[in-house]
Amino acid sequence: MRGRRFRTFNVVDEFNREALAIEIDLGLPAVRVIHVLEQIIGQRDYPKKLWKDNGPEFISTALADWAEETRHIPGIYSTRDTYPKCLCGAF
Numbered sequence: 001m002r003g004r005r006f007r008t009f010n011v012v013d014e015f016n017r018e019a020l021a022i023e024i025d026l027g028l029p030a031v032r033v034i035h036v037l038e039q040i041i042g043q044r045d046y047p048k049k050l051w052k053d054n055g056p057e058f059i060s061t062a063l064a065d066w067a068e069e070t071r072h073i074p075g076i077y078s079t080r081d082t083y084p085k086c087l088c089g090a091f
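Using the UniProt record's numbering, read the sequence shown as starting at 1 and increasing by one per residue.
Here you go:
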């Protein structure tokens, strides 16, 4: 990718550690994130909780607005202040 940064969007079921989706691209707009979540919800069900890394590159309120509109997801929790999990050697 010639020195360009890429983004990953990983959806993991925290109960059984199953990877439900992995998206990799140079940019991952909120609309694409919502589309991936809707695909997963269509195959499974609405999550009881949704955790997100609220880093500086993720400033859109579209995800929070979407979760509020669905009324099936009680809240979106930020992992900003928690210690990030290391995926050493995963990529």
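A virtual CB, placed ideally from N, CA and C, is assigned to each residue, including glycine.
In this text, all values refer to a predicted model and were calculated from it rather than measured experimentally.
Tell me which residues share the same chain as residue i and place their Cβ nearer than 6 Å to its Cβ, disregarding the 5 neighbours each side in the sequence.
| i | result |
| --- | --- |
| isoleucine 22 | Asn10 |
Which same chain residues, not among the five before or five after residue i, have their C-beta less than 8 Å away from its C-beta?
| i | result |
| --- | --- |
| valine 31 | Ala62 |
| leucine 26 | Met1, Arg4, Arg5, Phe6 and Arg7 |
What's the C-alpha gap between residue i and residue j?
| i | j | result |
| --- | --- | --- |
| isoleucine 24 | histidine 35 | 14 Å |
| alanine 64 | glycine 3 | 32 Å |
| glutamine 39 | alanine 67 | 14 Å |
| leucine 37 | glutamine 43 | 10 Å |
| isoleucine 41 | lysine 48 | 11 Å |
Is the beta carbon of residue i sitting closer than 7 Å to the one on residue j?
| i | j | result |
| --- | --- | --- |
| leucine 20 | arginine 7 | no |
Kindly indicate the opening and closing residues of the alpha helix (DSSP H) around residue i.
| i | result |
| --- | --- |
| glutamate 69 | 62 to 70 |
Can you name, in chain order, every residue of its own chain whose Cβ lies under 7 Å from the Cβ of residue i, other than the five neighbours on each side?
| i | result |
| --- | --- |
| aspartate 13 | Leu20 |
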